[in-house]
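**Q**
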Amino acid sequence: MKKTSILAALAISALSINLAVAAPQDASNQIKENSVQMLKILQQANGKNDAAVRKQAENYALPYFDFALMTRLSVGAPWNKATAAQKQTLVNEFRTMLIRTYSRQMLNYKNAQVTVKNAVAKPSSLLPSKEQIDVRATITNPGQQPVEAVFSTYQDGNKYKVFNVVFEGAFALVQSQKQQFKPILDSKGIDGLIADLKAKNGSK
1 MKKTSILAAL AISALSINLA VAAPQDASNQ IKENSVQMLK ILQQANGKND
51 AAVRKQAENY ALPYFDFALM TRLSVGAPWN KATAAQKQTL VNEFRTMLIR
101 TYSRQMLNYK NAQVTVKNAV AKPSSLLPSK EQIDVRATIT NPGQQPVEAV
151 FSTYQDGNKY KVFNVVFEGA FALVQSQKQQ FKPILDSKGI DGLIADLKAK
201 NGSK
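Quick note on numbering: our numbering labels position 20 of the sequence shown as 20, and the sequence is numbered without any gaps.
#1: Do you know how far the Cα of I99 is from the Cα of P24?
#2: If contact is defined by three or more beta carbon pairs under 8 Å, each pair taking one atom from either stretch, is the region 101-110 in contact with the region 126-136?
#3: Please report the distance separating the alpha-carbon of K122 from that of K87.
#4: Can you tell me whether DSSP reads D66 as helix, strand or coil?
#5: Considering only C-alpha positions, which residue in the set K55, T71, F151 and N158 is nearest to L197?
#6: With burial defined as no fewer than 16 other Cβ atoms inside 10 Å of the residue's Cβ, what is the status of D66: buried or exposed?
#7: With respect to the alpha helix (DSSP H) encompassing V201, which residues constitute its N-terminal and C-terminal limits?
#8: Helix, strand or coil: which one does DSSP assign to D164?
#9: To the nearest angstrom, how far is it from the Cα of V21 to the Cα of N158?
#10: Quick check: what's the CA-CA separation for V91 versus Q180?
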């Protein structure tokens, strides 16, 4: 879980995506700028204001992650049987879980460097009416081995939103959550997963 937390924190701390054009090269250029701005926020941390800096970083980054889509993909087929109220609760608790799990790791990467390599547009079976753009980057933190990342995004108005992150071609955020959710869904159903997430989040 510790490795999972660190890798997923990279996704939140490294990139906040706000793209105005669909050209892959322009997407890469925009991500570079957003990465710089995100790291500038994290570098304000001085040990006394860490909580405030984390909150500022969250507020900057999180609007560019599609938590509804991430939740749907993580839940899988049972999502289609959930009621509207259950779906909304799942999204809310999923979002809270990710923030609680990974936000504390962000400050560990305030001195990281993000090198955006390229972006590739491709059709996506997950997004039949939209084009998926995968943005590749290398995240280098002092004293650690560089980490290769792929941020899967799609266009939503004048933004591109992240709906999955893959590290080193192995760890995928959505697939990892799906593996964790499956046994709970198989044994307890949607309400069981909601209860489990609420327990982890300290929700009522």
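Backbone N, C-alpha and C fix where the C-beta goes; we use that ideal spot for every residue, glycine too.
**A** According to the structure shown:
#1: Along the sequence shown, one-based indexing puts residue 24 at 24. Along the sequence shown, one-based indexing puts residue 99 at 99. Between P24 and I99, the C-alpha separation is close to 28 Å.
#2: Between the region 126-136 and the region 101-110 there are fewer than three inter-stretch CB-CB distances shorter than 8 Å, so the stretches are not counted as touching.
#3: Indexing the sequence shown from 1 puts residue 122 at position 122. Indexing the sequence shown from 1 puts residue 87 at position 87. About 28 Å.
#4: In the sequence shown, counting from the first residue as 1, residue 66 sits at position 66. Coil at D66, not helix or strand.
#5: For the purposes of this step, residue 197 is taken as residue 197 along the sequence shown, with counting starting at 1. The option with the nearest alpha carbon to L197 is T71.
#6: Locating residue 66 in the sequence shown gives position 66, counting from the first residue. By the Cβ neighbour-count rule, D66 is buried, with 16 or more other Cβ atoms within 10 Å of its own.
#7: Numbered from 1 along the sequence shown, position 201 holds the residue referred to as residue 201. It is Asn, not Val, that sits at residue 201 in the sequence shown. Going by DSSP, N201 is part of the alpha helix (DSSP H) stretching over L173 to N201.
#8: The residue labelled residue 164 in the question sits at position 164 within the sequence shown. Note on identity: in this sequence residue 164 is Asn, with Asp being the wrong assignment. The answer is strand: DSSP assigns N164 an E or B state.
#9: Residue 21 sits at position 21 when you count from the first residue of the sequence shown. Residue 158 sits at position 158 when you count from the first residue of the sequence shown. Because the pLDDT at V21 is just 39, under 50, the model does not fix this residue reliably, and the value given afterwards should be weighed accordingly. If I take the Cα positions, the gap works out to 7 Å.
#10: As a first step, residue 91 must be located in the sequence shown, where it is residue number 91. As a first step, residue 180 must be located in the sequence shown, where it is residue number 180. Answer to the nearest angstrom: the Cα atoms are 16 Å apart.
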